[in-house]
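**Student:** Those letters in the sequence shown? Residues 53 to 207, per our numbering, in order.
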Amino acid sequence: MKLTNSSIVRFFAIAMAIALIAGCSGKSGGNPEDVAAEMFAKAQEMQKGEKFNEAIQIYRNIVKKHPQTRQASNSQFMIGYICSNHLNDTEQAKIELNRFLDDYAEIADSGLIAGAKFELQYMGKNIDELPILSNLNEEGGDGGEEIEAKSEDKE
53 MKLTNSSIVR FFAIAMAIAL IAGCSGKSGG NPEDVAAEMF AKAQEMQKGE
103 KFNEAIQIYR NIVKKHPQTR QASNSQFMIG YICSNHLNDT EQAKIELNRF
153 LDDYAEIADS GLIAGAKFEL QYMGKNIDEL PILSNLNEEG GDGGEEIEAK
203 SEDKE
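(1) Does DSSP put I179 in a helix, in a strand, or in coil?
(2) Return yes when the Cβ of D155 is within less than 8 Å of the Cβ of Q128, no when it is not.
(3) State the DSSP-derived secondary structure class of I114, mapped to helix, strand or coil.
(4) Can you tell me the Cα-Cα spacing of I29 and K94, whole angstroms?
(5) Alpha carbon to alpha carbon, what distance is there between A124 and N222?
(6) Check I165 in the structure and name its three-state DSSP category.
This is the structure:
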């Protein structure tokens with residue numbers, strides 16, 4: 053095969069394009085925390101767009117491919133959260149949140165641990181059955197009257 057200037061230029065152009073694509077993908081041997089963070093951001097975009105099943109798939113990939121990262125812990129929680137609060141699949145939500153507590157309790161954020169326990173305890177219950185909210189109702193309403201009075205004073 054005879055190398056011409058145009059074939060050499062074409063070869064380098066293709067090589068540069070491949071290098072550019074690989075570099076932009078974030079998957080070219082990068083730090084696992086960074087790669088997992090990129091994936092997590094993509095899952096959050098899907099979730100914000102109400103593409104819950106797609107978000108769950110990305111979260112599951114983070115847990116599978118980067119299990120020792122903080123994002124894996126957050127992802128496992130988010131799978132349970134989405135199942136409970138958006139897909140209304142309480143049985144799957146219980147499985148996922150218990151998996152979060154079993155697998156990530158040592159490294160997870162304490163707020164997420166408390167949130168998972170709260171979800172498991174009150175999942176499927178009417179909002180009026182939640183003790184923290186029933187105390188507000190017993191104390192004389194939702195506090196809306198006080199807020200209205202304060203806003204009238206400012207006028």
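We put the beta carbon where it would ideally sit given N, CA and C, even for glycine.
**Tutor:** Here's the rundown:
(1) Counting from 1 along the sequence shown, the entry for residue 179 is found at position 127. Residue state, collapsed to three classes: helix.
(2) Working through the sequence shown from its first residue, we reach residue 128 at position 76. Working through the sequence shown from its first residue, we reach residue 155 at position 103. Taking 8 Å as the Cβ cut-off, Q128 and D155 qualify as a contacting pair.
(3) As a first step, residue 114 is located in the sequence shown; it is residue number 62 there, counting from the start. Here I114 sits in helix by DSSP.
(4) Here the chain comprises residues numbered 53 to 207, so residue 29 is not present and cannot be evaluated.
(5) Within the shown structure, residues of the chain are numbered from 53 to 207, placing residue 222 beyond reach of any answer.
(6) Here residue 165 corresponds to residue number 113 of the sequence shown, with the count starting at 1. Looking at I165 - three-state DSSP - the assignment turns out to be helix.
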